[in-house]
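Colleague: Have a look at this one.
Residue numbers (our numbering), protein chains in the order written: chain A, 1 to 257; chain B, 1 to 257.
What follows is the structure, encoded as structure tokens:
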């Protein structure tokens, strides 16, 4: 593991706070002045809401060491990686990251030094990312207990649209369309399937805004399945319904608990 | 609490097994002969899949004591209560029950003597249910740690369509329409929102079949919300999306974790 003398975390919510707790001892002071905050840092992690990341990275790069490594923790990648590539084409210090951790919790008070243990972090290097920078970034996330992997920003956005963004939106619709006077009778099934709907609406609107095209495609797939469901029930086509239930169980069982 | 000398449980899956474990000591032998099984029982609990309950109650009533109390544990109530009322109008020994416990687990191997503790059980008496029978049944479920409440079978079916049956179906569609090659990246959000899709497809098909009308109505509500979601994303109407996310969070937060 590289010997990080100084890591700067910009944005201390759930992710930033959890990195701080996992690195406790190494990270020991705070500042609201960006220049002071990043001047000596070898690694800068921008863990703000997604819509602020591009501007924040651009700002911090002005004060960062020439050999600093800069990453983020945003739930979208294409808008961020493209935004930084286009704006500053000869600066290769930024490499995108997305730790798949968090879910319905938010805020520094939910921080947990073990948040990343056993969870995957997707890194999204571009063709121009120096291999050494990618290696160092992998080692950073691995030092927090995370399992790292790499894909393009576009591939990342398509994948997380399906496994994270659409489930969030469906949970919100499911929770929001359950009549309030029935909630007394909601048990563990309803609680599980709507849990992520408790996430911060402002954070999630911006995630959806940045990944709207991929989310639209993933919602097409869900919409087709929903139409099949509706038709099977309206037409009392119990064989079709059984197939749908079996397919859902097959995919769910593949994941484990 | 009444002094039950003998309770007969017909159908030993998750619910029947869990009642047995909670009542351990009182229940100590098994038989496949219905006459032997229920002849002395003061309480008979039919905990089979829903489509078998009406026939099983009719069969067991022939062998049951004149003062026996008979109940079930089915996830639907109208088809069962109506079926037993119509068939045998002067027999008032049956009172419907639905313990809101279980979810994605099934089978006797998942049994748990604490399964009902703190969970609600809905009882569905009819106008002709003797008050003393209802009292005794309440006391039975309360002795397992459950919180009892009463409503009509029709009201029950409308409520559980919204808080249990539709969430199950949506979880199945969500799981089934997630591309298999994305499942590697599924994290706790996807796991939570699809957990109930692991339920038994045959059990669930029969539940849906018995409550198809109410489920159709609840799916209309979900479908309206889903259409609003799709339109807000296609039209980039972020205010509308924010309202939808806020409404989902409000309902979810009302329940707690």
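Backbone N, C-alpha and C fix where the C-beta goes; we use that ideal spot for every residue, glycine too.
What in chain B is Cβ-close to residue 167 of chain A, meaning under 9 Å?
Modeller: Those are 174, 178, 186, 189, 190, 192, 193 and 194, listed as they occur along chain B.
Colleague: Opposite residue 45 of chain A in the DSSP bridges: which residues?
Modeller: Beta-bridge pairing links residue 45 of chain A to A:9 and A:71.
Colleague: At a Cβ threshold of 7 Å, is residue 105 of chain B touching chain A?
Modeller: With 7 Å as the cut-off, residue 105 of chain B does not count as an interface residue toward chain A.
Colleague: Give a single yes or no on whether residue 126 of chain A has its beta carbon closer than 6 Å to a heavy atom of the ligand COA.
Modeller: Although the ligand COA was asked about, the structure shown includes no ligands whatsoever.
Colleague: Can you look up residue 131 of chain B in the DSSP assignment and give me helix, strand or coil?
Modeller: In the structure shown, residue 131 of chain B sits in a helix (DSSP, three-state: H, G or I).
Colleague: Return yes when the Cβ of residue 173 of chain B is within less than 7 Å of the Cβ of residue 225 of chain A, no when it is not.
Modeller: Cβ atoms of residue 225 of chain A and residue 173 of chain B: closer than 7 Å.
Colleague: Tell me whether the stretch 193 to 202 of chain B and the stretch 103 to 115 of chain B touch, counting them as touching only if at least three CB pairs, one residue from each stretch, are closer than 8 Å.
Modeller: Because the criterion of three Cβ pairs below 8 Å is met, the stretch 193 to 202 of chain B and the stretch 103 to 115 of chain B touch.
Colleague: Inspect the CB distances between the stretch 144 to 151 of chain A and the stretch 78 to 87 of chain A and report whether three or more fall short of 8 Å.
Modeller: Touching, no, given that fewer than three Cβ pairs across the two stretches are closer than 8 Å.
Colleague: How many angstroms separate the CA atom of residue 221 of chain A from the CA atom of residue 215 of chain A?
Modeller: Approximately 10 Å between the Cα atoms of the pair.
Colleague: Below 8 Å on the Cβ atoms is my contact criterion, and I expect residue 98 of chain B with residue 74 of chain B to pass it. Report the Cβ-Cβ distance as a whole number of Å.
Modeller: With 8 Å as the limit, residue 98 of chain B and residue 74 of chain B qualify as a contact, their Cβ atoms being about 6 Å apart.
Colleague: Taking buried to mean at least 16 other C-beta atoms within 10 Å of its own C-beta, is residue 247 of chain A buried or exposed?
Modeller: The residue is buried, with at least 16 neighbouring Cβ atoms inside 10 Å.
Colleague: May I ask you to verify whether the stretch 7 to 17 of chain B touches the stretch 30 to 47 of chain B, counting CB pairs closer than 8 Å and requiring at least 3?
Modeller: The stretch 7 to 17 of chain B is in contact with the stretch 30 to 47 of chain B.
Colleague: For residue 222 of chain B and chain A, any beta-carbon pair shorter than 7 Å?
Modeller: Residue 222 of chain B counts as touching chain A.
Colleague: Return the CA-CA distance between residue 213 of chain B and residue 160 of chain B, expressed in angstroms with no decimal places.
Modeller: Each residue's Cα considered, the two are about 12 Å apart.
Colleague: Closer than 7 Å, CB to CB, is residue 60 of chain B near chain A or not?
Modeller: Residue 60 of chain B does not count as touching chain A.
Colleague: Residues of chain A with CB closer than 9 Å to the CB of residue 138 of chain B, please, in chain order.
Modeller: Those do not exist, as residue 138 of chain B stays about 17 Å from chain A at its closest Cβ, beyond 9 Å.
Colleague: Beta carbon of residue 190 of chain A, beta carbon of residue 167 of chain B: below 7 Å?
Modeller: Yes, Cβ-Cβ distance for residue 190 of chain A and residue 167 of chain B is below 7 Å.
Colleague: From the DSSP output, which residues share a beta bridge with residue 120 of chain A?
Modeller: Note: residue 120 of chain A sits in a beta bridge opposite A:147.
Colleague: Please confirm whether residue 96 of chain B and residue 135 of chain B have their CB atoms less than 7 Å apart.
Modeller: No, the pair does not count as a contact, with Cβ atoms beyond the cut-off.
Colleague: Can you tell me whether DSSP reads residue 199 of chain A as helix, strand or coil?
Modeller: Three-state result, residue 199 of chain A: coil.
Colleague: Let me know the secondary structure DSSP gives residue 99 of chain A once reduced to three states.
Modeller: Reduced to three states, the DSSP call for residue 99 of chain A is strand.
Colleague: How long is the line joining the alpha carbons of residue 130 of chain B and residue 46 of chain B, rounded to whole angstroms?
Modeller: Distance between the alpha carbons of residue 130 of chain B and residue 46 of chain B is about 19 Å.
Colleague: What are the boundary residues of the alpha helix (DSSP H) that residue 38 of chain B is part of?
Modeller: Start and end: 34 to 38.
Colleague: Check for me: the alpha helix (DSSP H) holding residue 167 of chain B runs from which residue to which?
Modeller: Note, residue 167 of chain B: alpha helix (DSSP H), 166 to 176.
Colleague: Excluding sequence positions up to five away, which residues of its chain have a Cβ less than 6 Å from the Cβ of residue 100 of chain B?
Modeller: The residues are 119 and 120.
Colleague: Here's the rule I'm using: 16 or more other beta-carbon atoms within 10 Å means buried, otherwise exposed. How should residue 49 of chain A be labelled?
Modeller: By the neighbour-count rule (16 or more Cβ atoms within 10 Å), residue 49 of chain A is buried.
Colleague: Closer than 7 Å by C-beta to residue 1 of chain B: which residues in its own chain qualify, once you throw out the five before and the five after it? Chain order, please.
Modeller: Interpretation of residue 1 of chain B is limited by its pLDDT of 48, a score under 50 that renders its predicted location unreliable; no figure is taken from the coordinates.
Colleague: How many angstroms separate the CA atom of residue 22 of chain B from the CA atom of residue 41 of chain A?
Modeller: If you take the alpha carbons of residue 22 of chain B and residue 41 of chain A, they lie about 59 Å apart.
Colleague: Closer than 9 Å by beta-carbon distance: list the chain B residues that pair up with residue 63 of chain A, in chain order.
Modeller: Under the 9 Å cutoff, chain B gives no residues; its nearest Cβ is about 32 Å from residue 63 of chain A.
Colleague: Give the DSSP-derived three-state secondary structure of residue 63 of chain B in the structure shown.
Modeller: Note: residue 63 of chain B maps to coil in three-state DSSP.
Colleague: Hey, out of B:111, B:165, B:210 and B:238, whose CA is closest to residue 54 of chain B's CA?
Modeller: Of the listed residues, the one whose Cα sits closest to residue 54 of chain B is B:210.
Colleague: Compare the C-beta of residue 50 of chain A against all C-beta atoms of chain B and say whether one is closer than 7 Å.
Modeller: Judged by the 7 Å Cβ criterion, residue 50 of chain A is not in contact with chain B.
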